[in-house]
């Protein structure tokens with residue numbers, strides 16, 4: 273999923289020289305469903321055709337071994353190269369530039385553009401909201417309106433107070449109206465300072481809610497691949513920061529792109545890896561010796577970090593004290609997933625994205641199962657709270673309510689606020705009755 277921003281930029285830069293065809297060979301069962309794939313194409317704003325390779329036929333024909341795999345095909349239809357794994361925009365841009373020059377010089381390049389019709393979404397008030405943050409003390413709700421490139425601030429009852437960001441994709445600081453974001457996700461709050469994981473800008477932004485300003489405190493817009501050491505946040509290149517947690521003067525970052533948890537000391541400005549080697553797998557152990565896989569949601573109880581390790585469909589913890597360890601609460605491996613409640617090794621999730629803690633209980637969005645679940649860390653027990661298990665959009669009692677790939681959740685005042693991503697909505701579950709309703713946002717005239 274982290275390759276898509278680079279592809280969008282390259283398609284626009286090489287509009288007359290490059291033809292991209294996506295082949296979707298799904299790992300998770302949820303991703304094989306045509307409607308879910310269509311939602312993913314719209315959410316990622318892809319501008320090229322995508323083939324649903326549900327039975328892995330194309331995968332096998334091209335001898336693929338990893339996600340993502342890029343095959344390079346010349347103007348005569350011959351495979352001339354292959355790249356497995358992530359790649360930065362700069363490296364891919366350099367490679368394509370050399371190819372264009374070579375094929376142009378040999379007279380093989382045909383700049384006739386191929387017309388591709390891409391469906392567009394209606395103009396919903398929210399567009400694929402990824403995360404949500406409920407501020408009980410301040411009576412505020414912060415919504416990452418991800419595909420509108422902005423943060424919406426409302427009351428807990430849904431009255432919109434203000435919008436942070438112009439809505440234009442970009443990386444620029446300034447006042448709330450002129451600042452630009454690029455597909456923001458998770459947030460953390462410290463008084464009147466809101467921190468935002470500006471995911472596709474590979475940056476952390478700080479919003480001073482009192483002064484009405486936005487500034488970049490980490491990242492410079494370039495996707496980085498550093499996986500060890502510390503440095504000033506302003507000089508660090510981040511890699512798809514997906515969610516944030518604040519504790520004791522530090523930000524902890526679920527850095528999905530490099531399979532690590534990072535930290536940033538807000539006083540000194542220093543940033544670097546906190547947990548994970550950068551290898552993509554699931555191995556417990558000392559903080560910087562453990563391995564993670566696309567951590568995409570993070571929370572804390574003050575003693576431990578708890579995070580949704582999405583690609584291993586697991587929920588894990590990392591101790592906050594020096595010499596701490598990473599431990600797995602539920603989840604087994606990269607290819608161990610499903611939808612099964614129970615305890616310990618019997619539990620199966622499918623690509624969870626959101627996580628919050630209340631009174632010692634973890635609440636998660638089991639995103640590809642379209643459910644909300646609770647997990648009790650001891651005895652590592654998982655229970656479904658809401659959702660039918662199929663994508664849908666229905667309010668009502670917990671067992672009848674339907675979600676579509678919920679991405680984040682937050683709790684305030686006995687209510688759970690859920691970013692129901694593919695439904696372009698915020699859903700509210702009363703935690704006493706588990707009745708689910710859609711939050712009706714009231715926008716200022």
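Residue numbers (this note's numbering): 273 to 717. Just so it is clear, CB atoms sit at the ideal spot from N, CA and C, and this is done for glycine as well.
*Can you round the beta-carbon distance between residue 644 and residue 681 to whole angstroms, since I take them to be within the 8 Å contact cut?*
Translated into the one-based positions of the chain shown, residue 644 becomes position 372. Translated into the one-based positions of the chain shown, residue 681 becomes position 409. In this structure residue 644 touches residue 681 by the C-beta definition: roughly 7 Å separates them, less than 8 Å.
*asked:* Suppose contacts are defined by Cβ-Cβ distances below 7 Å. Is residue 512 in contact with residue 563 by that definition?
replied: Counting from 1 along the chain shown, the entry for residue 512 is found at position 240. Counting from 1 along the chain shown, the entry for residue 563 is found at position 291. Cβ distance not < 7 Å, so residue 512 and residue 563 don't count as in contact.
*Looking at the unbroken beta strand (DSSP E) that takes in residue 644, where does it start and where does it end?*
Along the chain shown, read from residue 1 onward, the residue named residue 644 stands at position 372. From DSSP, the beta strand (DSSP E) with residue 644 extends over 643-648.
*Check whether the Cβ atoms of residue 584 and residue 606 lie closer than 7 Å to each other.*
Position 312 of the chain shown, counted from the start, is the residue given in the question as residue 584. Position 334 of the chain shown, counted from the start, is the residue given in the question as residue 606. Cβ distance < 7 Å, so residue 584 and residue 606 count as in contact.
*Grab me the residues of residue 608's own chain with a C-beta within less than 8 Å of its C-beta, minus the 5 sequence neighbours each way, in chain order.*
For the purposes of this step, residue 608 is taken as residue 336 along the chain shown, with counting starting at 1. Counting only residues of its own chain and dropping the five nearest sequence neighbours on each side, residue 608 has a CB closer than 8 Å to the CB of 584, 585, 620.
*Express the C-alpha separation of residue 441 and residue 402 in angstroms, rounding to a whole number.*
Residue 402 sits at position 130 when you count from the first residue of the chain shown. Residue 441 sits at position 169 when you count from the first residue of the chain shown. For the pair residue 402 and residue 441, the Cα-to-Cα distance works out to about 16 Å.
*Does DSSP classify residue 445 as helix, strand or coil?*
Counted from its first residue, the chain shown places residue 445 at position 173. Coil, per DSSP.
*With DSSP collapsed to three states, give me the class of residue 599.*
Along the chain shown, read from residue 1 onward, the residue named residue 599 stands at position 327. Strand, per DSSP.
*residue 433 by DSSP, collapsed to three states: which one?*
As a first step, residue 433 is located in the chain shown; it is residue number 161 there, counting from the start. Secondary structure of residue 433 (DSSP, three-state): strand.
*asked:* In this structure, how does DSSP classify residue 306 when only helix, strand and coil are distinguished?
replied: One-based indexing of the chain shown puts residue 306 at position 34. Three-state result, residue 306: helix.
*Does the Cβ-Cβ distance between residue 469 and residue 484 come in under 7 Å?*
Looking up residue 469 in the chain shown gives position 197. Looking up residue 484 in the chain shown gives position 212. Against a cut-off of 7 Å, the Cβ pair of residue 484 and residue 469 comes out as no contact.
_Among the candidates 687, 307, 423, 540, whose CA atom is the shortest distance from the CA of residue 429?_
Counting from 1 along the chain shown, the entry for residue 429 is found at position 157. Nearest option by C-alpha distance: 687.
*Should the region 535-551 be called in touch with the region 514-526, which here means at least 3 C-beta pairs below 8 Å?*
Because the criterion of three Cβ pairs below 8 Å is met, the region 535-551 and the region 514-526 touch.
_Alpha-carbon spacing of residue 413 relative to residue 475, whole angstroms_ = Here the question's residue 413 lines up with position 141 in the chain shown. Here the question's residue 475 lines up with position 203 in the chain shown. Each residue's Cα considered, the two are about 22 Å apart.
*Based on the DSSP output, what are the partners of residue 403 in its beta bridges?*
Stepping through the chain shown from its first residue, residue 403 is reached at position 131. Partner(s): none; residue 403 has no beta bridge.
*asked:* Give me the DSSP bridge partner(s) of residue 723.
replied: Within the shown structure, residues of the chain are numbered from 273 to 717, placing residue 723 beyond reach of any answer.
*asked:* Given this structure, state the Cα-to-Cα distance separating residue 338 from residue 432, to the nearest angstrom.
replied: If you number the chain shown from 1, residue 338 lands on position 66. If you number the chain shown from 1, residue 432 lands on position 160. When only Cα atoms are considered, residue 338 and residue 432 end up about 43 Å apart.
*Is the number of C-beta pairs between the region 648-655 and the region 700-709 that are closer than 8 Å three or more?*
Below 8 Å, too few C-beta pairs join the region 648-655 and the region 700-709 to call them touching: fewer than three.
*Under 8 Å Cβ to Cβ from residue 423, same chain only, skipping five residues before and after it: list those, please.*
Counting from one through the chain shown, the residue named residue 423 turns up at place 151. Cβ contact annotation for residue 423 (same chain, cutoff 8 Å, sequence separation greater than five): 414, 415, 416, 417, 435, 436, 437, 453, 456, 459, 466, 468, 479, in chain order.
*Cα-Cα, which of 549, 622, 656, 642 is closest to residue 561?*
Reading the chain shown from its first residue, position 289 is the one you call residue 561. When each option's Cα is compared against that of residue 561, the closest is 549.
*Roughly how many angstroms lie between the CA atoms of residue 639 and residue 376, to the nearest whole one?*
Counting from one through the chain shown, the residue named residue 639 turns up at place 367. Counting from one through the chain shown, the residue named residue 376 turns up at place 104. Rounded to the nearest angstrom, the two C-alpha atoms are 45 Å apart.
*Boundaries of the alpha helix (DSSP H) in which residue 369 is found, first to last residue*: Here residue 369 refers to the residue found at position 97 when the chain shown is read from its first residue. DSSP places residue 369 inside the alpha helix (DSSP H), whose first and last residues are 361-377.
*Between residue 294 and residue 321, which are expected to be in contact by the criterion C-beta below 8 Å, what is the C-beta distance as a whole number of angstroms?*
The count along the chain shown starts at 1 and reaches residue 294 at position 22. The count along the chain shown starts at 1 and reaches residue 321 at position 49. Between residue 321 and residue 294 the Cβ distance is about 7 Å, and since that is below 8 Å, they are a contact.
*Use the C-beta contact count for residue 446: other C-beta atoms within 10 angstroms, 16 or more gives buried, fewer gives exposed.*
Numbered from 1 along the chain shown, position 174 holds the residue referred to as residue 446. Here residue 446 is exposed, its C-beta having fewer than 16 other C-beta atoms within 10 Å.
_Option in 677, 713, 636, 673 with minimal Cα separation from residue 706_ = In the chain shown, the residue the question calls residue 706 occupies position 434. Of all alpha-carbon atoms in 677, 713, 636, 673, the one lying nearest the alpha-carbon of residue 706 is that of 673.
_Reduced DSSP secondary structure (H/G/I, E/B, other) of residue 284_ = Numbered from 1 along the chain shown, position 12 holds the residue referred to as residue 284. Helix at residue 284.
*Look at the Cβ atom of residue 439, then the Cβ atom of residue 421, and state whether they are nearer than 7 Å.*
Within the chain shown, the letter at position 167 stands for residue 439. Within the chain shown, the letter at position 149 stands for residue 421. Contact: yes.
*asked:* Per the DSSP calculation, residue 534 is bridged to which residue(s)?
replied: What you label residue 534 is simply residue 262 of the chain shown in a count that begins at 1. The partner list for residue 534 (beta bridge, DSSP) reads 525, 545.
*asked:* So, with DSSP's three-state summary, where would you put residue 715?
replied: Translated into positions along the chain shown, residue 715 becomes position 443. The DSSP-derived three-state label of residue 715 is coil.
_I want to know whether the region 377-386 touches the region 355-362 - three or more CB-CB distances under 8 Å._
No, the region 377-386 is not in contact with the region 355-362.
_Quick check: the Cα distance between residue 614 and residue 662, rounded to an integer number of angstroms?_
Within the chain shown, the letter at position 342 stands for residue 614. Within the chain shown, the letter at position 390 stands for residue 662. So the two alpha carbons sit approximately 20 Å from each other.
*With DSSP as the reference, label residue 637 as helix, strand or coil.*
Start at 1 with the first residue of the chain shown, and residue 637 comes out as number 365. Three-state result, residue 637: strand.
*In the structure shown, what three-state DSSP assignment does residue 708 receive?*
Here residue 708 refers to the residue found at position 436 when the chain shown is read from its first residue. Residue state, collapsed to three classes: strand.
*Residues of its chain near residue 449, where Cβ-Cβ distance is below 6 Å and the 5 sequence neighbours each way are ignored*: As a first step, residue 449 must be located in the chain shown, where it is residue number 177. Answer for residue 449: no residue qualifies.
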